[in-house]
Amino acid sequence: MTDYKMHLLICGGTGCKAAESDEIKKSLKNWIDELGLEDDVQVVFTGCFGFCEKGPIVKVMPDNTFYVNVKPDDAEEIVKEHLLKGRPVQRLLYTDPVSKKAISDSKGMNFYKKQLRIALRNCGFINPESIDEYISRDGYMALGKCLGELTPDETIKEIKDSGLRGRGGGGFPTGLKWEITRNVESDEKYVVCNADEGDPGAFMDRSILEGDPHSVIEAMAICGYCIGAENGLVYIRAEYPLAIERLKIALNQAREYGLLGEDILGTGFNFEIDIRLGAGAFVCGEETALIHSMEGLRGEPTFKPPFPSVSGYLGKPTNVNNVETFANIPVILNKGASWFSKIGTEKSKGTKVFALAGKINNVGLIEVPMGTTLREVIYDIGGGIKDGKGFKSVQTGGPSGGCLTKDFLDTPIDYDNLIKAGSMMGSGGMIVMDEDDCMVSIAKFYLEFTLEESCGKCSPCRIGNKRLHEILENITNGNGKEEDLERLKLLSNVIKDTSLCGLGQSSPNPVLSTILNFEDEYLAHVNEGKCPAGQCKALLKYEIIEDLCTGCTLCFRNCPVGAITGERRQPHYIDQSLCIKCGVCYEKCKFNAIRLS
Amino acid sequence: MTKIKTVADLKRIKDEVQSKIKLRENSDHPEQIVQVKVGMATCGIASGAKETMKYFVDELEQQAIDAVVTQTGCMGYCYAEPTVEVTLPGKDAVVFGYVNKEKAEEIIDVYIKRGELIDGVIPITFKTIDD
Ligand SMILES: Cc1cc2nc3c(=O)[nH]c(=O)nc-3n(C[C@H](O)[C@H](O)[C@H](O)COP(=O)(O)O)c2cc1C
Ligand code: SF4
Chain A
40 MTDYKMHLLI
50 CGGTGCKAAE
60 SDEIKKSLKN
70 WIDELGLEDD
80 VQVVFTGCFG
90 FCEKGPIVKV
100 MPDNTFYVNV
110 KPDDAEEIVK
120 EHLLKGRPVQ
130 RLLYTDPVSK
140 KAISDSKGMN
150 FYKKQLRIAL
160 RNCGFINPES
170 IDEYISRDGY
180 MALGKCLGEL
190 TPDETIKEIK
200 DSGLRGRGGG
210 GFPTGLKWEI
220 TRNVESDEKY
230 VVCNADEGDP
240 GAFMDRSILE
250 GDPHSVIEAM
260 AICGYCIGAE
270 NGLVYIRAEY
280 PLAIERLKIA
290 LNQAREYGLL
300 GEDILGTGFN
310 FEIDIRLGAG
320 AFVCGEETAL
330 IHSMEGLRGE
340 PTFKPPFPSV
350 SGYLGKPTNV
360 NNVETFANIP
370 VILNKGASWF
380 SKIGTEKSKG
390 TKVFALAGKI
400 NNVGLIEVPM
410 GTTLREVIYD
420 IGGGIKDGKG
430 FKSVQTGGPS
440 GGCLTKDFLD
450 TPIDYDNLIK
460 AGSMMGSGGM
470 IVMDEDDCMV
480 SIAKFYLEFT
490 LEESCGKCSP
500 CRIGNKRLHE
510 ILENITNGNG
520 KEEDLERLKL
530 LSNVIKDTSL
540 CGLGQSSPNP
550 VLSTILNFED
560 EYLAHVNEGK
570 CPAGQCKALL
580 KYEIIEDLCT
590 GCTLCFRNCP
600 VGAITGERRQ
610 PHYIDQSLCI
620 KCGVCYEKCK
630 FNAIRLS
Chain B
28 MTKIKTVADL
38 KRIKDEVQSK
48 IKLRENSDHP
58 EQIVQVKVGM
68 ATCGIASGAK
78 ETMKYFVDEL
88 EQQAIDAVVT
98 QTGCMGYCYA
108 EPTVEVTLPG
118 KDAVVFGYVN
128 KEKAEEIIDV
138 YIKRGELIDG
148 VIPITFKTID
158 D
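Taken in order, these protein sequences are the chains called A and B.
Last residue of the first sequence: 636 (the numbering used here), numbering continuous.
Last residue of the second sequence: 158 (the numbering used here), numbering continuous.
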């Protein structure tokens, strides 16, 4: 076994690679060999450190020195000074923007504090199919503490004091919801876990159930104890087979240990959990529709009030919470409300899990304290925009949310700020768009989803969204008019005001937010017949540049609709009224004589 | 499984499991026991984590390397799936990305057997509640 004394880790992420990290590695190795250190120091490439703004990055282990903006020429100094003489190269250290001090040990860098895993604490750490591993990480201790030491009211107070708000989208204070359900008199009550997760691109809840199912089971039992329920139901979409399987295994293990069932921990408290499978309809994530679906009825929402807390499953008081909301509960009770409420912003406590997707380098699952800015999420954690392209917009809140511009990059993420910015937290999908994305088409994409998923019960949502979609379709086809923008806004507001459930009430948000933030792009479509991002096919025009055309006839022979005419060895010509914008000529031309405009 | 009847029982199990893990870490032959965790959430499995896990189990057994291979949930680095975390005794855990069969072979030959890092280490970028 070679026993290296030191490791040099060089970021091999796309951003740093583009900034010569290959050269740096070569140069470092040359100097290490030159000075005969090859048996003591090893140089390796790593994945993205997620600090691309300051790349390329070189980290020295074991002392955790973190060098930023390293150039190939710096290699000599790093090797001679740091590796040989043990003196870190001061000028390459990261300087804290606030204290203006150089930080040598990266553990002290803010950047390492960007992600904090509370709901995901066990995901990727324990074996989800082993209840013992969960127990070894304080699993079921919170349940034990509540049953043994706290009354339901004391437990609810702890949750209220923590400031935890629902992670399923609405952000309703969890402790308050529990209290309301507790205070309704009834012979029977239910705890429901909402694992429908219908947002396109979202997979936070799935990951929690796949990686740490016991945390949800424990929290549901605690909720049952607090509100006075003996039965819990997990509503999960059938498209999540692995999550369902792991949940079933976990439920069986909990039963075998007697942590579910009768007389739990000898306290006389009984609790059982069942699984209900959903067919994967977005509207079934709405709590009243979800309850109807569990009752065997059509998954259609009904008017609130009565809220499920008063009259829910089978007409009994029912407490519905999201998977991630539940996953926070055991930690809050183990570590205390005051520990939790120190994290986050004034009105949004704790952390939020996001599924980062779209044109971003580090697609994945992240968990950040509330109050982290979008810039930190996208550039520091997400590793920036793919292929070095420019950032255009970030979509939060899925089909109910909005698209934010770069002006909002420094907005701290919390429930209230996102709403103020014209979007919403939603369940945690976060889709990043670059300069090649057409915002009108994006709005159209989300509306298509809504149209597909609307249950059709009320007309503003069923018909109104259809009309919205038609107008957008016209605009992207080049048949839009400037008045359409006003019509879109008017109709959107009517749909928002008059729809029955949250789906309809929020469905025009992508349209409204793109009009608000990207009006010039809409105007370019309707007034100039142009799609600035070059996405709307109908608005593209293929033209032959006469000077470059050699008259080879290749395009003429390949055009499927015969829109190209011209004599051999003479410049050709495209008849725009026949062209179907398939782009074949553009691909075939060997002389770059075809232009897209 | 015996039932857990009291909070004291629960604590006892916790201690037992923790000491079992400790034992694994501080065993008589620490240089021989290696822990491998394969990220087996939907994202990992879709990228081939099952094959990767099977490869580790088979290969480590065949080469008579004393190791525990377990599955775990999503580590969050979905762009680099399959991801595998390897903990050599007495060392910090190291996460590798894009672990297909070839990479797994390299991890066993170079990192597990010789203790040399290889390209493709994924820096851990989050804090946990224990920090
Ligand atoms: C159209 C629509 C879809 C929803 N989908 C989900 C979902 O997939 N998961 C979820 O937890 N909440 C969803 N909700 C919110 C639920 O109605 C409910 O507010 C939530 O489950 C309550 O849990 P919480 O307080 O823990 O957030 C949706 C709401 C609407 C209007
Ligand atoms: S708003 Fe849409 S989804 Fe909601 S009840 Fe009305 S038609 Fe159904």
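Note that beta-carbon positions come from the ideal geometry of N, C-alpha and C, so glycine has one too.
Checklist entry - Is there at least one non-hydrogen atom of ligand 1 closer than 8 angstroms to the beta-carbon of Leu542/A? => result yes
Next on the checklist: Glu143/B and Tyr43/A - do their beta-carbons sit closer together than 9 angstroms?
Outcome noted: yes
Next on the checklist: Excluding the 5 residues flanking Thr384/A on each side, which residues of the same chain have their C-beta closer than 7 angstroms to its C-beta?
Outcome noted: Met409, Gly410, Pro451, Asp453
Checklist entry - Arg206/A: beta carbon under 8 angstroms from a heavy atom of ligand 1? => result yes
Next on the checklist: Could you give the first and the last residue of the continuous alpha helix (DSSP H) run that contains Leu281/A?
Outcome noted: 280 to 295
Next on the checklist: Following a CB-centred definition, is Ser538/A positioned closer than 8 angstroms to any heavy atom of ligand 2?
Outcome noted: yes
Item to check | Opening and closing residue of the beta strand (DSSP E) in which Leu404/A lies | outcome: 403 to 408
Checklist entry - Is there contact here, the stretch 183 to 198 of chain A with the stretch 275 to 294 of chain A, by at least three beta-carbon pairs under 8 angstroms? => result no
Item to check | Leu507/A (DSSP reduced to helix, strand or coil) | outcome: helix
Next on the checklist: Let me check understanding here. Comparing Cα to Cα, which of Pro101/A, Asn103/A, Asp102/A, Ile96/A lies closest to Ala114/A?
Outcome noted: Ile96/A
Next on the checklist: Taking 9 angstroms as the threshold (beta carbon to beta carbon), is Phe365/A in contact with chain B?
Outcome noted: no
Item to check | Simplified DSSP state of Thr69/B, which is helix, strand or coil | outcome: helix
Item to check | Residues within the stretch 381 to 413 of chain A neighbouring chain B, beta-carbon criterion of under 8 angstroms | outcome: Asn400, Asn401, Val402, Gly403, Leu404, Ile405, Glu406
Item to check | chain B contact residues for Asn166/A, given Cβ-Cβ distances below 7 angstroms | outcome: Thr97, Gln98, Thr99
Next on the checklist: Strictly by DSSP, which residues pair up with Val247/A?
Outcome noted: Residue identity differs from the one stated: residue 247/A is Ile in this sequence, not Val. Answer is none; Ile247/A lacks a bridge partner.
Checklist entry - Quick one: which chain B residues come within Cβ less than 9 angstroms of Lys374/A? => result Ile156
Next on the checklist: By the 7 angstroms beta-carbon criterion, what residues does the stretch 43 to 67 of chain A contribute toward chain B?
Outcome noted: Tyr43, His46, Leu48, Gly51
Next on the checklist: With a threshold of 6 angstroms on Cβ separation, who are the neighbours of Ser546/A within its own chain once the five nearest residues in sequence on each side are excluded?
Outcome noted: Thr489, Asn504
Checklist entry - Mind checking Gln129/A: buried by the 16 CB within 10 Å criterion, or exposed? => result exposed
Next on the checklist: Suppose contacts are defined by Cβ-Cβ distances below 9 angstroms. Is Pro610/A in contact with Cys442/A by that definition?
Outcome noted: no
Item to check | Buried or exposed by the 16-neighbour rule on C-beta atoms within 10 Å, applied to Leu434/A | outcome: The displayed chain sequence assigns Gln, not Leu, to residue 434/A. The residue is buried, with at least 16 neighbouring Cβ atoms inside 10 Å.
Next on the checklist: Counting C-beta neighbours from all protein chains within 10 Å, is the total for Leu48/A 16 or more, i.e. buried, or is it exposed?
Outcome noted: buried
Item to check | Min CB distance Phe242/A to chain B below 9 angstroms | outcome: yes
Item to check | Beta-ladder partner(s) of Asn360/A, from DSSP | outcome: Cys232/A
Next on the checklist: Counting only Cβ pairs nearer than 9 angstroms, list the residues of chain B close to Arg206/A.
Outcome noted: The premise fails here: Arg206/A is roughly 17 angstroms from chain B at the closest Cβ pair, so nothing lies under 9 angstroms.
Item to check | Phe342/A: CB within 8 angstroms of a non-hydrogen atom of ligand 1 | outcome: no
Next on the checklist: I believe Cys588/A touches Phe630/A by the beta-carbon criterion, under 8 angstroms. Please report the beta-carbon distance rounded to the nearest angstrom.
Outcome noted: 7 angstroms
Checklist entry - Are Asn421/A and Gly465/A close, meaning C-beta to C-beta below 9 angstroms? => result Reading the sequence as shown, one finds Gly at residue 421/A and not Asn. No, Cβ-Cβ distance for Gly421/A and Gly465/A is not below 9 angstroms.
Item to check | From Lys77/B, Ile151/B, Gly100/B, Glu112/B, residue whose alpha carbon lies closest to that of Glu168/A | outcome: Gly100/B
Checklist entry - In chain order, what residues of the same chain lie with their CB nearer than 6 angstroms to the CB of Phe321/A, ignoring the 5 residues before and after it? => result Gly237, Glu492
Next on the checklist: Would you call the stretch 554 to 574 of chain A in contact with the stretch 517 to 533 of chain A, where contact means no fewer than 3 C-beta pairs closer than 8 angstroms?
Outcome noted: yes
Item to check | Option in Thr341/A, Arg204/A, Gly267/A with minimal Cα separation from Glu224/A | outcome: Gly267/A
Item to check | Best match in Cys624/A, Met180/A, Tyr625/A, Cys50/A for proximity to Ile371/A [C-alpha to C-alpha] | outcome: Met180/A
Checklist entry - Helix, strand or coil for His46/A per DSSP? => result strand
Next on the checklist: With three or more C-beta pairs closer than 8 angstroms as the rule, is the stretch 122 to 138 of chain B touching the stretch 84 to 92 of chain B?
Outcome noted: yes
Checklist entry - Between which two residues does the alpha helix (DSSP H) carrying Thr553/A extend? => result 548 to 556
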